[in-house]
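Chemist:
4 protein chains.
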Amino acid sequence: MSRDPAPHLADVLAEIQARMGEQIDRGQVADYIPELAATDPNQFGISLVLADGTQLSAGDCATPFSIQSISKVFGLAIALGRLGDQLWSRVRREPSGLAFNSILQLEYENGIPRNPFVNAGAIVTTDAALGNRQPRDYLAELLTFIRTAAGDEQIHINQAVARSEAKTGHRNLALAHFLKSQGNLVNAPDLVLGAYFHQCAIAMTVAQLARSGRFLSNLQRLISPDRVRRINALMLTCGHYDGSGEFAFRVGLPGKSGVGGGILAIAPGRASIAVWSPGLNAQGNSKLGTEALEMLARRTGWSIFG
Amino acid sequence: MSRDPAPHLADVLAEIQARMGEQIDRGQVADYIPELAATDPNQFGISLVLADGTQLSAGDCATPFSIQSISKVFGLAIALGRLGDQLWSRVRREPSGLAFNSILQLEYENGIPRNPFVNAGAIVTTDAALGNRQPRDYLAELLTFIRTAAGDEQIHINQAVARSEAKTGHRNLALAHFLKSQGNLVNAPDLVLGAYFHQCAIAMTVAQLARSGRFLSNLQRLISPDRVRRINALMLTCGHYDGSGEFAFRVGLPGKSGVGGGILAIAPGRASIAVWSPGLNAQGNSKLGTEALEMLARRTGWSIFG
Amino acid sequence: MSRDPAPHLADVLAEIQARMGEQIDRGQVADYIPELAATDPNQFGISLVLADGTQLSAGDCATPFSIQSISKVFGLAIALGRLGDQLWSRVRREPSGLAFNSILQLEYENGIPRNPFVNAGAIVTTDAALGNRQPRDYLAELLTFIRTAAGDEQIHINQAVARSEAKTGHRNLALAHFLKSQGNLVNAPDLVLGAYFHQCAIAMTVAQLARSGRFLSNLQRLISPDRVRRINALMLTCGHYDGSGEFAFRVGLPGKSGVGGGILAIAPGRASIAVWSPGLNAQGNSKLGTEALEMLARRTGWSIFG
Amino acid sequence: MSRDPAPHLADVLAEIQARMGEQIDRGQVADYIPELAATDPNQFGISLVLADGTQLSAGDCATPFSIQSISKVFGLAIALGRLGDQLWSRVRREPSGLAFNSILQLEYENGIPRNPFVNAGAIVTTDAALGNRQPRDYLAELLTFIRTAAGDEQIHINQAVARSEAKTGHRNLALAHFLKSQGNLVNAPDLVLGAYFHQCAIAMTVAQLARSGRFLSNLQRLISPDRVRRINALMLTCGHYDGSGEFAFRVGLPGKSGVGGGILAIAPGRASIAVWSPGLNAQGNSKLGTEALEMLARRTGWSIFG
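Following this line, the structure appears as structure tokens:
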């Protein structure tokens with residue numbers, strides 16, 4: 185399986201786009217807030233940035249979508265920058281074996297979430313990144329980080345999405361109050377969730393998202409290589425909730441999905457890849473996005489597993 | 185982080201050996217059967233085979249030890265060879281979030297084990313590999329496979345260990361009868377466990393174990409590259425029980441541990457690595473073995489995560 | 185709500201029998217062994233013995249049926265006779281909140297079953313009652329106890345049922361091996377289950393069953409009043425698996441059900457009552473049997489709750 | 185075991201008081217809010233009202249204490265009065281097998297609490313009793329109900345306790361938001377918990393509490409006898425959290441405990457009994473209160489189990 189040069193890759197992306205266009209079963213669009221429910225399920229986009237800086241794209245690459253849980257990767261980078269390894273006394277690094285918003289695990293394990301990518305773990309991570317600042321200061325830092333990573337100032341929070349999340353966020357409020365009762369939340373639940381809901385409401389295009397992941401492929405230096413490796417390891421084992429094992433098995437790349445239908449995937453040293461298609465599979469990950477990445481990994485031989 | 189040439193690697197192994205020799209806390213030797221309990225915790229060995237066929241070793245490399253759960257990797261290769269993807273209707277590919285011998289997950293998920301490396305999943309895999317054969321025929325195939333992989337006829341089953349496992353194997357019998365009651369076991373529980381206990385009782389030296397893993401590093405062709413990638417993905421996400429996330433985070437290589445203190449780790453395309461030290465950490469994986477692999481990955485830059 | 189004299193009671197039983205005869209939905213007959221699966225679901229019988237020794241019956245009262253889990257009450261009486269309160273170090277006295285054959289609770293609570301009426305607890309109780317005797321000796325004592333209680337020598341074990349139970353008993357074998365692995369089984373799992381399966385295979389008519397419960401209504405003295413009270417308390421809180429709360433709520437009498445469709449219910453100081461109808465409800469308790477007891481308790485005012 | 189006349193009972197109470205005064209291990213006083221933490225653990229009081237209206241008391245019977253979860257019994261009576269059996273579509277009637285504030289069960293069973301006495305079930309019950317009223321209107325009805333039951337206008341809410349509960353109530357907020365996310369809460373979580381925290385903060389003396397339970401012993405008619413029986417059944421199976429089976433086994437009376445150290449127990453047709461001692465046992469129920477009731481039941485023969 186030879187390494188594919190850029191010209192060939194353009195063909196691969198075109199082929200992927202064509203194949204995804206033919207798919208009848210496109211999964212279920214998330215419908216818990218009106219802003220996501222209204223998304224057209226026929227959209228599909230893929231974009232990647234190579235080690236030489238080339239960016240290739242196909243499909244709906246200029247439409248901003250809600251990155252949702254993909255934002256947890258950037259929030260984790262910031263929290264690690266502020267706390268370093270102290271963060272790991274408040275959140276573990278193990279796959280959960282349960283749904284993304286499970287509260288059961290918390291009770292069983294005394295308020296220490298399994299990893300920073302399940303909702304409870306992301307809430308703790310946001311609380312840690314927040315420190316004693318106001319949410320707006322944390323969000324400003326987060327946006328600056330993402331804009332720097334993407335090399336693009338035109339990345340914003342969709343305020344309507346943030347408001348809707350807050351309105352329907354009782355499950356996350358349950359998690360936050362539970363964490364608070366267990367002593368694993370410094371700030372007030374409302375304050376932390378305010379920051380969390382805004383973070384999830386960041387909107388990006390797949391082209392922007394692909395560029396923003398270059399630092400995780402070591403194509404750009406924003407954080408230490410050691411930390412990059414560890415974030416990638418977490419994405420591989422925990423990045424797709426209870427579908428993480430399946431994603432590793434089929435795609436073989438570290439990746440983080442969001443309920444908005446986006447996935448950021450990393451081919452270390454080779455490429456940063458973003459896909460987007462709003463319909464989700466049973467595990468809550470983009471159905472076509474996963475299939476597109478599986479096809480890409482197969483054609484390029486980029487799997488980290490040989 | 186440059187790629188290390190073989191001469192340098194010998195120094196790294198020597199350094200690792202020296203460092204491990206100094207460690208005071210060497211973990212707890214498994215004591216559920218007398219044969220394991222009697223093992224001297226001061227032993228440590230490491231061995232690796234490179235892409236060019238060179239093998240480097242340090243420490244106790246000629247002492248056979250019980251490979252225990254590492255045998256699940258070879259059993260899985262054989263089961264996949266016989267059933268192909270049909271195996272995945274009987275066992276999933278997700279990390280478990282629970283202890284290696286948990287029966288709880290089985291009840292919660294109707295008798296479909298989470299992955300082939302938790303005990304329940306390995307029992308199902310053994311049942312599948314067994315088919316309608318006698319245990320001795322399956323074990324003969326398994327030994328042939330391992331001997332071919334290692335290029336060494338001197339690999340045997342330790343019958344005393346197999347007998348002891350059978351005597352104290354009530355937890356595994358519980359799992360097997362539970363699977364049988366759920367309709368996920370074709371053969372009689374006793375028959376499957378007979379095969380399973382003998383498989384776990386295979387004894388190898390670290391030097392042999394390192395050679396036997398070459399097919400997973402694509403240094404030797406025994407099974408298809410696609411299957412290799414998938415077994416590696418499973419080892420990365422599920423190979424160290426409820427310490428799999430931690431191992432991926434710290435070491436960054438696919439690996440499979442056994443309660444005898446051995447670990448087989450794979451650096452795809454680069455090396456097959458085996459370590460052995462009998463003392464276990466809280467998750468039931470070799471304490472010094474894990475630390476040695478973490479050191480090795482750091483010094484060589486072999487992490488698959490960049 | 186006046187206390188009903190015996191003549192009136194005959195009318196009540198006749199009315200109950202008539203009502204039950206009209207019921208279209210008669211529940212599902214247990215089908216895990218052929219002997220139970222073959223039972224005619226149209227059968228219904230009810231019998232009760234009053235404080236003055238009068239016995240009233242209606243319906244199919246001369247047909248022997250498999251008492252199954254109702255036997256756990258007699259087994260418990262024998263175990264308490266041999267061990268006294270020491271039994272409670274091996275099994276608790278709390279409702280389980282889970283299905284009757286759940287293994288999950290065992291793992292969560294380190295091998296101490298919740299109560300003597302869930303299967304795991306009954307297996308531990310049988311092991312305790314067995315002591316270092318052979319199963320046949322325990323079974324002889326058990327039959328003697330039941331025959332004495334019923335005042336009837338014609339009560340036997342249905343050997344065909346016992347054999348069928350043993351053949352399909354993988355779930356119970358799983359429980360027994362699990363208990364053994366946790367150190368809460370003295371005898372070998374096979375030996376204990378041999379006794380357990382035979383105990384469950386005892387066959388009685390409702391008339392015999394009603395008489396055999398007199399000692400629990402204090403109409404006959406076989407064990408101390410203090411022990412009677414405690415067995416009744418356990419039947420009330422745990423006698424109908426995860427339908428115990430519902431049974432207490434609707435019927436208001438201590439009772440123990442069996443998967444053969446029988447229920448033994450106790451009105452302390454007033455009556456010992458047995459019903460039988462083979463069809464089961466969703467919780468695995470006799471559907472018509474429960475309804476008949478609810479009707480009886482309402483008409484007689486025998487509820488222990490006022 | 186003869187039925188004890190009133191004169192004898194005074195001696196029994198005196199003896200119980202004396203015995204409880206000698207106890208060294210008095211359990212642990214709840215310390216999650218300052219108002220409870222400050223309670224003197226040496227206090228003990230017992231009071232009972234008989235069928236003829238006689239009231240007998242011993243010990244600290246004039247000190248008001250926080251009735252906490254005992255208030256759930258009165259809240260349930262009001263909710264049943266408003267909704268009747270429709271309430272049972274939102275909350276079940278089974279013991280939980282888990283701690284009183286467990287959130288795990290909710291996730292496992294889709295937001296339907298196991299019974300009205302675990303916290304989640306009481307929150308749902310309060311929401312149902314609240315309807316579309318303001319909390320103050322519900323609380324006024326509740327106080328009127330309790331004052332009528334006790335025949336005493338001097339029963340009030342301790343506002344300091346209510347405020348403290350609200351301040352530290354993150355666990356209950358987690359439950360309420362979880363229930364809301366599952367669609368099993370009509371009102372806003374804050375509103376329901378406002379009512380709930382005030383309800384728990386009702387203060388009574390044991391003398392008042394004993395009188396307020398007369399309607400459950402059928403010594404006073406406030407609700408239908410059928411409903412009385414059912415509330416008693418729920419208290420018996422679920423009134424002491426995960427110690428309910430133990431309480432039924434040892435005491436043999438329907439009862440409801442509160443974390444303030446009070447217990448209300450019912451001897452149907454005979455007596456309404458209240459005890460209070462602030463120290464709690466491992467299950468969160470009054471340690472001396474339970475022992476006193478066990479002694480009382482033994483001496484009077486009031487157990488409902490014969």
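As you go down the protein sequences, you meet chains W, A, L and G in turn. Counted the way the working numbering counts, the first sequence spans residues 185 to 490. Counted the way the working numbering counts, the second sequence spans residues 185 to 490. Counted the way the working numbering counts, the third sequence spans residues 185 to 490. Counted the way the working numbering counts, the fourth sequence spans residues 185 to 490. The beta-carbon is built from N, C-alpha and C at its ideal position, and this holds for glycine as well. Predicted model only: the values in this text are computed from it and were never measured.
What does a CB cutoff of less than 7 Å around R482(L) pick up in its chain, not counting 5 residues either side in sequence?
Modeler: Here the question's residue 482(L) lines up with position 298 in the third sequence. Hits under 7 Å: none found.
Chemist: Give a yes or no on whether the minimum CB-CB distance between E475(L) and chain G is below 8 Å.
Modeler: Here residue 475(L) refers to the residue found at position 291 when the third sequence is read from its first residue. Not closer than 8 Å to any Cβ of chain G, the Cβ of E475(L) fails to qualify, so no.
Chemist: Can you find a C-beta in chain G that's less than 8 Å from the C-beta of S255(W)?
Modeler: Within the first sequence, residue 255(W) is the residue found at index 71, counting from 1. Chain G, which has no Cβ nearer than 8 Å to the Cβ of S255(W), makes this no.
Chemist: How big is the Cα-Cα spacing for G473(G) and S461(G)?
Modeler: As a working mapping, residue 473(G) is identified with position 289 in the fourth sequence. As a working mapping, residue 461(G) is identified with position 277 in the fourth sequence. So the two alpha carbons sit approximately 6 Å from each other.
Chemist: Please classify G229(W): does DSSP put it in a helix, a strand, or coil?
Modeler: Residue mapping note: residue 229(W) aligns to position 45 of the first sequence, counting from 1. Strand, per DSSP.
Chemist: In chain G, what lies closer than 7 Å to D426(L) by C-beta?
Modeler: Within the third sequence, numbered from 1, the residue matching residue 426(L) stands at position 242. Simply E278.
Chemist: Helix, strand or coil: how does DSSP classify L240(G) here?
Modeler: Looking up residue 240(G) in the fourth sequence gives position 56. It is a strand residue.
Chemist: Between A432(L) and G446(L), is the Cβ-Cβ spacing less than 8 Å?
Modeler: Here residue 432(L) is taken as the residue at index 248 of the third sequence, counted from 1. Here residue 446(L) is taken as the residue at index 262 of the third sequence, counted from 1. No, they are not a contact pair.
Chemist: Against chain L, does F489(G) count as a neighbour if the rule is that its beta carbon must be under 8 Å from one of theirs?
Modeler: One-based indexing of the fourth sequence puts residue 489(G) at position 305. With 8 Å as the cut-off, F489(G) counts as an interface residue toward chain L.
Chemist: Beta-carbon of R355(G) versus every beta-carbon of chain W: anything under 8 Å?
Modeler: One-based indexing of the fourth sequence puts residue 355(G) at position 171. Taking Cβ atoms only, chain W reaches closer than 8 Å to R355(G), which makes this a yes.
Chemist: Would A344(G) pass as a contact of F381(G) if the rule is Cβ separation under 8 Å?
Modeler: Translated into positions along the fourth sequence, residue 344(G) becomes position 160. Translated into positions along the fourth sequence, residue 381(G) becomes position 197. Against a cut-off of 8 Å, the Cβ pair of F381(G) and A344(G) comes out as no contact.
Chemist: Report the neighbours of N469(A) on chain W: residues whose CB is nearer than 9 Å to its CB, in chain order.
Modeler: The count along the second sequence starts at 1 and reaches residue 469(A) at position 285. Within chain W, no residue comes near N469(A); the closest Cβ sits about 13 Å away, beyond 9 Å.
Chemist: Is any beta-carbon of chain L found at less than 8 Å from that of R274(G)?
Modeler: By one-based count along the fourth sequence, residue 274(G) stands at place 90. So no, R274(G) is outside the interface.
Chemist: Just list the residues that DSSP pairs G463(G) with in beta bridges.
Modeler: As a position in the fourth sequence, residue 463(G) is number 279, starting the count at 1. BP columns for G463(G) point to V213(G).
Chemist: Identify every run of the alpha helix (DSSP H) within the segment 373-435 of chain G, keeping only runs that are complete inside it and at least 4 residues long; order them along the chain.
Modeler: 373-384, 390-396, 409-422 and 428-434, all fully within the segment 373-435 of chain G.
Chemist: For the segment 346-378 of chain W, which residues have a CB atom closer than 9 Å to at least one CB atom of chain G, in sequence order?
Modeler: Those would be T352, G353, H354, R355, N356, L357, A358, L359, A360, H361, F362, L363, K364, S365, Q366, L369 and P373, in chain order.
Chemist: Could you check what DSSP says for S365(L) in three-state terms: helix, strand or coil?
Modeler: As a first step, residue 365(L) must be located in the third sequence, where it is residue number 181. Note: S365(L) maps to helix in three-state DSSP.
Chemist: By Cβ distance, which residues of its chain are closer than 7 Å to L314(W), with the 5 residues on each side in sequence left out?
Modeler: Walking along the first sequence from the start, residue 314(W) turns up at place 130. Closer than 7 Å at the Cβ level, and outside the excluded window around L314(W), lie Y322, N371, V376 and A379.
Chemist: Just verifying my parser: in three-state terms, what is the DSSP assignment at S487(W)?
Modeler: Within the first sequence, residue 487(W) is the residue found at index 303, counting from 1. Here S487(W) sits in coil by DSSP.
Chemist: Give a yes or no on whether 8 Å exceeds the smallest Cβ distance from R411(L) to chain G.
Modeler: Taking the first residue of the third sequence as 1, we reach residue 411(L) at position 227. Output row for R411(L): interface = no.
Chemist: Does the beta-carbon of Q404(A) have 16 or more other beta-carbons within 10 angstroms, so that it is buried, or is it exposed?
Modeler: Residue numbering aside, residue 404(A) sits at position 220 when the second sequence is read from its first letter. With 16 or more other Cβ atoms within 10 Å, it is buried.
Chemist: Given 8 Å as the limit, is there contact between the segment 207-219 of chain A and the segment 265-272 of chain A, that is, 3 or more CB pairs closer than that?
Modeler: Too few Cβ pairs lie closer than 8 Å, so no.
Chemist: What are the boundary residues of the beta strand (DSSP E) that includes I447(A)?
Modeler: As a working mapping, residue 447(A) is identified with position 263 in the second sequence. Where I447(A) is concerned, the enclosing beta strand (DSSP E) stretches over G446 to A451.
Chemist: Name the chain A residues whose beta carbon is nearer than 7 Å to that of F433(W)?
Modeler: Residue mapping note: residue 433(W) aligns to position 249 of the first sequence, counting from 1. Correct list: R277, R414, A417 and L418.
Chemist: Helix, strand or coil, according to DSSP, for A455(L) in the structure here?
Modeler: Mapped onto the third sequence, residue 455(L) falls at position 271. Three-state DSSP puts A455(L) in a strand.
Chemist: Identify the contact partners of P438(G) in chain L, using a Cβ-Cβ distance below 7 Å as the criterion.
Modeler: Mapped onto the fourth sequence, residue 438(G) falls at position 254. Simply F489.
Chemist: Helix or strand or just coil, what does DSSP make of G265(L)?
Modeler: For the purposes of this step, residue 265(L) is identified with residue 81 of the third sequence, where counting begins at 1. Reduced to three states, the DSSP call for G265(L) is helix.
Chemist: Under the assumption that V233(A) contacts S456(A) (Cβ atoms under 8 Å), give the Cβ distance between them as a whole number of angstroms.
Modeler: Counted from its first residue, the second sequence places residue 233(A) at position 49. Counted from its first residue, the second sequence places residue 456(A) at position 272. Contact holds; Cβ gap of about 5 Å.
Chemist: Hey, quick one: how far does the beta strand (DSSP E) through S441(G) stretch, first residue to last?
Modeler: Looking up residue 441(G) in the fourth sequence gives position 257. Start and end: G439 to S441.
Chemist: Quick one: Cα of G259(W) to Cα of E337(W), how far?
Modeler: By 1-based counting over the first sequence, the position of residue 259(W) is 75. By 1-based counting over the first sequence, the position of residue 337(W) is 153. C-alpha separation (whole angstroms): 18 Å.
Chemist: So, using beta-carbon positions, are L193(L) and P300(L) closer together than 8 Å?
Modeler: Here residue 193(L) refers to the residue found at position 9 when the third sequence is read from its first residue. Here residue 300(L) refers to the residue found at position 116 when the third sequence is read from its first residue. The answer is no: Cβ separation not under 8 Å.
Chemist: Under DSSP, the alpha helix (DSSP H) around S348(A) begins and ends at which residues?
Modeler: Here residue 348(A) refers to the residue found at position 164 when the second sequence is read from its first residue. Element bounds for S348(A): Q343 to K351.
Chemist: Rounded to a whole number of angstroms, what is the C-alpha to C-alpha distance between D188(W) and T484(W)?
Modeler: What you label residue 188(W) is simply residue 4 of the first sequence in a count that begins at 1. What you label residue 484(W) is simply residue 300 of the first sequence in a count that begins at 1. Residue placement at D188(W) is flagged as unreliable, the pLDDT there being 47, under the threshold of 50; a coordinate-derived value is accordingly withheld.
Chemist: Taking C-alpha atoms, which residue in A451(L), V302(L), L359(L) and I254(L) lies nearest to R277(L)?
Modeler: Here residue 277(L) is taken as the residue at index 93 of the third sequence, counted from 1. The shortest Cα separation from R277(L) among A451(L), V302(L), L359(L) and I254(L) belongs to V302(L).
Chemist: Between N469(W), E325(W), Q383(W) and R395(W), which lies nearest to I159(W) when the distance is taken from Cα to Cα?
Modeler: The structure shown has nothing for residue 159(W), since chain W only spans 185 to 490.
Chemist: Give a yes or no on whether the C-beta atoms belonging to L326(W) and Q383(W) are separated by under 8 Å.
Modeler: Here residue 326(W) refers to the residue found at position 142 of the first sequence. Here residue 383(W) refers to the residue found at position 199 of the first sequence. Yes, these two residues count as a Cβ contact at 8 Å.
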